[in-house]
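So the structure is just underneath, and the comments pick up after that.
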Amino acid sequence: MEILLALVFMTVSGYWLQQGLAVYGFYVDGKPGSGFIPVLFSILVMILSAIALVRAVRTKRAAPSKATPAGDASPTVSADIDSWKTRLQPLIPAAIAIVGIYAITYLGVVVAVALIAFCWVRFLSHYTVVRSFLFSVPIVLFIYVVFVWWLRVPFPRGVFGF
Amino acid sequence: MFEGLKMLGIGLGNFLTLGTIFNVFWATQLGIIVGMLPGLTATMGIALLTTLTFRMPADNAVLILICMYIGSIYGGSRSAILLNIPGTPANAATAVDGHPLSRQGRAGEAIGIATTGSFLGSVIGMIMLALFTPLIGNFALSFQSIEFFWLAIFGVVISGTLTAPKDPLKGWISGFFGLMIAMIGMEGIHAHVRFSFGNIELSGGIRLIPAMVGAFGFAEVIMMMKHQKVEIIKSEIKRVIPRFMDIAKYWKTIIRSGLIGTFIGAIPGVGEDIGAWVSYDFARRASKESEKFGHGSIEGLIAAETGNNAAVGGAIIPVLSLAIPGSAPAAVLMAAMYIHGVRPGPLIMVENPQFVYSVVAMFLLATVAMFILGLSMVKTLVKVLQVPRSKLMPVVLVLCVIGAYAVESRYFDIIIMVIFGLLGYVMQELDYPVAPMVLGIILGDILDKNLRRALVLTDGSLTPFFTRPISIVLIFFIILSMVSKMRWFNLFMGNVKASIKGLFKRR
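Chain order of the listed sequences is A and B.
Letter by letter, the first sequence follows residues 1 to 162 of our numbering.
Letter by letter, the second sequence follows residues 1001 to 1507 of our numbering.
Right, here's the structure in full:
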């Protein structure tokens, strides 16, 4: 993961460097162009992330590799599944938020908020259907009163007209 | 001096209405609750509250946010004392002595002492805010583009150094990456659109509030998915109001911690957590009872709480005088000021000096409210700590989604919020501090404009960048803060010290 993040930083700064030099211009008519600062900082980030990358690779090499016991595949497979579950778990809120964007567009803010809250407590906190429903009602009321009624945020009206 | 007092009086007078006092108390109480709940931080609280106050008049909105700031930094001491889990990172040092006191059956006493320490720290921070903001603001009027460029670099570097003490390299990467992100959108000199990937929404740049709601709020929701379990320890709470002698005995520690906290808070992007740790460390070194530290020392608890709350005042000094935030919550506060049309920076003392003293008045009201609320309803509020995270997180998630959308009514801001939430989560998991990145996003525009303006004014010559007196001082500190973290430098300094000692011994 450490190596991956360092590579992401290097790739992004590489793109910034290329765009700064080729598209926006480093020095234009004897004056610093729009690409001047992006070039400077992308070079800095590239150097620093390259150091971080070298360090991460060295640390990984120095760490003892995990040996798999011969003839005992099943615990490793289940551990792998657990590890992937743990890794993917943080993506659940992101997925809910993305679904929330579309839900607000098509269903309106009231139904969308109710759905987000209900799905969370029902499927992630494992509440009963009735408890999940009772839990999501005050959240919807709060959002409606504060954002729609008080702050008058112009939310799109969904298929239900509210 | 008298002019300042007069403006402070006017500021205070403007706020002494029933409606404003009501706002002060509910916002401070909400701040205490946000601070108390592990996982909800001061930055998240201010960012979410910004989305609720953006339609209010500027004075009221900033007042509510300052109450949230002060309340949450103090509120974190409750969970630090009772659960050994700091409610906010600023209260980590509080847990070291606060929790052992709680285990000894002195939870009420610890809460009372933490409240008084926070109150006194806030008062010291407020006095420093009133004294130094006009001074620094007036001094900064002599700054030109070159100085602002170096000041922004200094802010990013020092923030990276201090927020990642184990590996400053990660802090610097985070800070400079933030500066790169700030380059997205229309630039200020030629109005060229940069790094927008053909997306119209990106041509306006990355909006600060969604980015911060994501990096500090949504990232916490994601973190909670991974670390769900919290052990709740029931503590008996008896007397809360502290004895005068318990506090008066440590007056030197209080003043020292207040001053250290303010100073650390004023360093760009550093924040209350480091203010608390440095104050705690100084108190331990200077104490006659240093053996008690870590085992329930009243002095240690006072030092940590005075330090973190004094840092709040310190963090607002550079916001108002230089438009450079001293901490992550102060960065959100500054973004909120921009939303309300207040432009902090050196010119504020010329254009709107009343606002500076109004902020001091807001600080005073929030501090008094925190003290009153902190010493009352303690037993009732402790029950809030028993709210399971499974109930809390969907509320925070909904507020993050709706709040990110509400400020400018753009779906794109929700996407920005999610992206920064994921980025913030990955960075935190790999020990990359998020605060320097946020500081970089804020300072990127200032830095870009000032460097290019300076180069145009100097006909492309770099010499003035290294010859102006203030620039030389800033460059010295930038190099020192980077080099001081390198192994060879520490070895070299160790050898120099040993040589000097040897020389004196021989004589």
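Think of the CB as a built atom: it goes at the ideal place given N, C-alpha and C, for glycine as much as any other residue.
Below 8 Å, how does it come out for the region 1353-1373 of chain B and the region 1119-1139 of chain B: are there three or more Cβ pairs, yes or no? The answer is yes - the region 1119-1139 of chain B touches the region 1353-1373 of chain B, with three or more Cβ pairs under 8 Å.
So, is the C-beta of Ala94/A closer than 7 Å to a C-beta in chain B? Output row for Ala94/A: interface = yes.
CB contact flag (Met1068/B, Ala1114/B, <7 Å): In this structure, Ala1114/B does not lie closer than 7 Å to Met1068/B by Cβ.
Quick one: is Ser34/A near chain B, going by C-beta distance under 7 Å? Closer than 7 Å: yes.
With H, G and I counted as helix, E and B as strand and the rest as coil, what does DSSP make of Arg1106/B? Three-state DSSP puts Arg1106/B in coil, outside helix and strand.
In the region 41-56 of chain A, which residues sit with their C-beta less than 7 Å from some C-beta in chain B, listed in chain order? Cβ contacts with chain B: Phe41, Ser42, Leu44, Val45, Leu48, Ser49, Ile51, Ala52.
Using DSSP with H/G/I as helix, E/B as strand and the rest coil, what is Val111/A? Helix at Val111/A.
So is Thr11/A in contact with chain B if we call contact Cβ pairs under 7 Å? Taking CB atoms only, Thr11/A has no neighbour in chain B less than 7 Å away.
Could you tell me the alpha carbon to alpha carbon distance between Trp2/A and Lys60/A, rounded to whole angstroms? Per the sequence shown, the amino acid found at residue 2/A is Glu instead of Trp. When rounded, the distance between both Cα atoms is 10 Å.
Of all the options Ile92/A, Val39/A, Val121/A, Pro154/A, which has the alpha carbon lying nearest to the alpha carbon of Val137/A? Of the residues Ile92/A, Val39/A, Val121/A, Pro154/A, the one whose Cα lies closest to the Cα of Val137/A is Val121/A.
By DSSP, does Gly1185/B sit in helix, in strand, or in coil? Three-state DSSP puts Gly1185/B in a strand.
Report the CB separation of Gly1261/B from Asn1308/B in whole angstroms; it is logged as a contact under 8 Å. About 6 Å; that satisfies the 8 Å criterion.
Considering Cα atoms alone, identify which of Gly1294/B, Phe1195/B, Leu1162/B is closest to Val39/A. Ranking the options by Cα distance to Val39/A, first place goes to Phe1195/B.
According to DSSP, simplified to helix, strand and coil, what is Val153/A? Val153/A: coil per DSSP, three-state reduction.
Straight-line gap, Leu5/A to Ala1182/B (C-alpha atoms, nearest Å): Each residue's alpha carbon lies about 19 Å from the other.
If Met1180/B and Ser13/A are in contact, beta carbons under 8 Å, what's the gap, nearest whole angstrom? Going by Cβ atoms, the distance from Met1180/B to Ser13/A rounds to 7 Å, so yes, they are a contact pair.
If I measure Cβ to Cβ from Ile143/A and keep anything under 6 Å in the same chain, skipping five residues before and after, which residues do I get? The residues are Val113.
For Ile1153/B, I'd like the list of residues in its chain whose CB is within less than 8 Å of its CB, leaving aside the five on either flank, ordered along the chain. Excluding residues within five positions, the ones whose Cβ falls inside 8 Å are Leu1447, Leu1474, Ile1478.
Taking contact to mean 3 or more Cβ pairs, one atom from each stretch, closer than 8 Å, check whether the region 1159-1179 of chain B and the region 1492-1500 of chain B are in contact. Contact between the region 1159-1179 of chain B and the region 1492-1500 of chain B is absent, with fewer than three C-beta pairs closer than 8 Å.
Select from Leu1491/B, Phe1465/B, Leu1430/B, Glu1408/B the residue whose C-alpha is nearest the C-alpha of Arg1207/B. Measuring from the Cα of Arg1207/B, the nearest candidate turns out to be Glu1408/B.
Where does Pro1086/B sit, in a helix, a strand or coil, going by DSSP? In the structure shown, the three-state DSSP call for Pro1086/B is coil.
List the endpoints of the continuous alpha helix (DSSP H) containing Gly1258/B. Counting along the chain, Gly1258/B sits inside the alpha helix (DSSP H) bounded by residues 1251-1266.
Residues of its chain near Phe1025/B, where Cβ-Cβ distance is below 6 Å and the 5 sequence neighbours each way are ignored: Closer than 6 Å at the Cβ level, and outside the excluded window around Phe1025/B, lie Ala1369.
Cβ pair Phe1015/B, Leu1375/B closer than 7 Å: Between Phe1015/B and Leu1375/B, the C-beta spacing is not below 7 Å.
Under 7 Å (Cβ pairs) to chain B, residues found in the region 14-26 of chain A: Those residues of the region 14-26 of chain A that come within reach of chain B (Cβ to Cβ, closer than 7 Å) are Trp16, Gln19, Tyr24.
Which of helix, strand or coil does DSSP assign to Pro32/A? In the structure shown, Pro32/A adopts extended strand secondary structure according to DSSP, grouped into three states.
Identify whether Val1356/B lies in helix, strand or coil by the three-state DSSP scheme. Helix, per DSSP.
At a CB-CB cut-off below 8 Å, which residues of chain B make contact with Leu141/A? Here the premise fails: no neighbours, minimum Cβ distance about 12 Å.
Verify the CB distance criterion: does Ile3/A have a CB-CB separation below 7 Å to chain B? At a cut-off of 7 Å between beta-carbon atoms, Ile3/A makes no contact with chain B.
What are the uninterrupted segments assigned as alpha helix (DSSP H) that are 4 or more residues long and contained completely in the region 1009-1051 of chain B, given in chain order? Runs of the alpha helix (DSSP H) lying entirely within the region 1009-1051 of chain B, each at least 4 residues long, are 1018-1036 in chain order.
Give a yes or no on contact between the region 1321-1333 of chain B and the region 1104-1113 of chain B, applying the rule of three or more CB pairs nearer than 8 Å. Because the criterion of three Cβ pairs below 8 Å is not met, the region 1321-1333 of chain B and the region 1104-1113 of chain B do not touch.
Starting from the beta carbon of Leu120/A, find every residue of chain B whose beta carbon is closer than 8 Å, and list them in chain order. Here residue 120/A is Trp; the residue named in the question, Leu, does not match the sequence. What Trp120/A touches in chain B: Met1393, Pro1394, Leu1397.
Among the candidates Phe1216/B, Ser1499/B, His1340/B, Lys1501/B, whose CA atom is the shortest distance from the CA of Ala1061/B? Comparing C-alpha distances from Ala1061/B to each of Phe1216/B, Ser1499/B, His1340/B, Lys1501/B shows the shortest one belongs to His1340/B.
Keeping to the same chain, check which residues put their C-beta closer than 7 Å to that of Lys1425/B; ignore five residues upstream and five downstream. Residue identity differs from the one stated: residue 1425/B is Tyr in this sequence, not Lys. Counting only residues of its own chain and dropping the five nearest sequence neighbours on each side, Tyr1425/B has a CB closer than 7 Å to the CB of Ala1219, Ile1222, Met1223.
Rounded C-beta distance between Gly1271/B and Ser1327/B? I'm assuming under 8 Å. At roughly 4 Å, the Cβ-Cβ gap stays under 8 Å, so Gly1271/B and Ser1327/B are in contact.
Which whole-angstrom value is the C-beta distance of Pro17/A and Ser42/A, which I expect to be below 8 Å? The question names Pro, yet the displayed sequence has Leu at residue 17/A. Leu17/A to Ser42/A, Cβ: 4 Å. Contact.
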